[in-house]
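If you read the protein sequences in the order shown, they are chains C and D. Per the numbering used here, the first sequence starts with residue 1, numbered consecutively. Per the numbering used here, the second sequence starts with residue 126, numbered consecutively. C-beta: ideal position from N, C-alpha, C; glycine also.
Protein chains: 2
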Amino acid sequence: MEKEPLERKLTAILYADVAGYSRLTGEDEEGTHRTLSAYLDAITTSIERHNGKVLHYAGDAVLAEFASVVHALTCATNIQADLKERNGDLPDDRKLQFRIGVNLGDVIVDLNEIYGDGVNIASRL
Amino acid sequence: MEKEPLERKLTAILYADVAGYSRLTGEDEEGTHRTLSAYLDAITTSIERHNGKVLHYAGDAVLAEFASVVHALTCATNIQADLKERNGDLPDDRKLQFRIGVNLGDVIVDLNEIYGDGVNIASRL
């Protein structure tokens, strides 16, 4: 019997997480959390301003999607510029550097989440 | 000026994700998603039956917490027994093997999520 096809769509995927998050947390758990929390707020604001949608947060990571690759890339560039400025106020060993991957993918849609190679690739860029 | 202390609590953390998820997705995107979806449902049911609470899903991963380490460990054992049985019906290269880490941690609580070393360690066990 043929299975019902899964819902799919073409979307621009943005995945962001912190380089060395476990190490930073180990060195200063509360300080890292405060910075992370402020940076995630800034990232969320930027995603929404660029017509993107946050799909989930997971610890130091954010997964978002955009209807346009141009919007996703502009958003990623703006986030990096904003966080660079914010990191300027922190000592070197307390800076949080976000890695951001953007990928265009034909993804599986399930319960307001997206799955598939397109997502996995964005999270590894 | 002293900062407001962050909310903290002692909790039993359970983190589960799929070994080789990206490879499995690359080989059979929709088949892997169907199996993942069924297994995540089973894991969620087991967590709730053991008085645990799912904090978030992220792709192939689940983060949950329990008020009791005994409940968390019993839940992990039951999940592994259940998934072993389900995997028995699948060819070897289509089985999804979940890795489950359980850790007791004094974690930071923020917006219904938990953060800190205790969480990072559970996700690396």
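Here's a check: name, in chain order, each residue in its chain whose Cβ is nearer than 8 Å to the Cβ of residue i, leaving out the five neighbours to either side.
{"i": "G31(C)", "result": "R94"}
{"i": "L6(C)", "result": "I108, V109, D110"}
Name the two residues that bound the continuous beta strand (DSSP E) containing residue i.
{"i": "H56(C)", "result": "53 to 58"}
{"i": "K9(C)", "result": "8 to 18"}
{"i": "N120(C)", "result": "Looking at the DSSP string, N120(C) is not in any beta strand (DSSP E); the run it does join, the alpha helix (DSSP H), is 117 to 122."}
{"i": "R99(C)", "result": "98 to 110"}
{"i": "E65(C)", "result": "61 to 66"}
So with CB distances below 8 Å, who are the chain D contacts of residue i?
{"i": "I79(C)", "result": "Those within 8 Å of I79(C) in chain D number zero; the least Cβ separation is about 19 Å."}
Who are the neighbours of residue i on chain C, taking C-beta pairs under 8 Å?
{"i": "V234(D)", "result": "Residues of chain C passing the Cβ test: none, with the nearest at roughly 10 Å."}
{"i": "G226(D)", "result": "None at all; the shortest Cβ gap to chain C is about 13 Å."}
{"i": "L131(D)", "result": "E30, H33, R34"}
Which residues in chain C have a C-beta closer than 7 Å to the C-beta of residue i? List them in chain order.
{"i": "D142(D)", "result": "Near D142(D) there are no residues of chain C at all, since even the closest Cβ is about 10 Å away, more than 7 Å."}
{"i": "N98(D)", "result": "Residue 98(D) lies beyond the stretch modelled for chain D, which goes from 126 to 250, so this question has no answer here."}
Go through its chain and collect everything with a Cβ distance to residue i's Cβ below 6 Å, but skip five positions before and after it.
{"i": "L188(D)", "result": "Y140, L180, H181"}
{"i": "H71(C)", "result": "H50, N51"}
{"i": "F191(D)", "result": "A137, G177, A197"}
{"i": "L10(C)", "result": "D106"}
{"i": "T160(D)", "result": "L221"}
Can you list, in chain order, the residues of its chain whose CB lies under 7 Å from that of residue i, leaving out five sequence neighbours each side?
{"i": "R8(C)", "result": "D106, V107, I108, V109"}
Along the alpha helix (DSSP H) that carries residue i, what are the first and last residues, could you check?
{"i": "G151(D)", "result": "146 to 152"}
{"i": "L83(C)", "result": "69 to 87"}
Return the bridge partner residues of residue i from the DSSP annotation.
{"i": "E113(C)", "result": "D110(C)"}
So which residues of chain D does residue i contact, with C-beta pairs closer than 9 Å?
{"i": "D117(C)", "result": "S147, T150, G151, E154"}
{"i": "A61(C)", "result": "A183"}
Mind pulling the chain D residues with CB within less than 7 Å of residue i?
{"i": "N120(C)", "result": "S147, T150"}
Selection of the stretch 151 to 162 of chain D by Cβ proximity to chain A, strictly under 7 Å | Here the protein chains are C and D, and chain A is not one of them.
Quick one: any contact between the stretch 100 to 108 of chain C and the stretch 70 to 86 of chain C, if contact means 3 or more CB pairs under 8 Å?
-> Yes, they touch.
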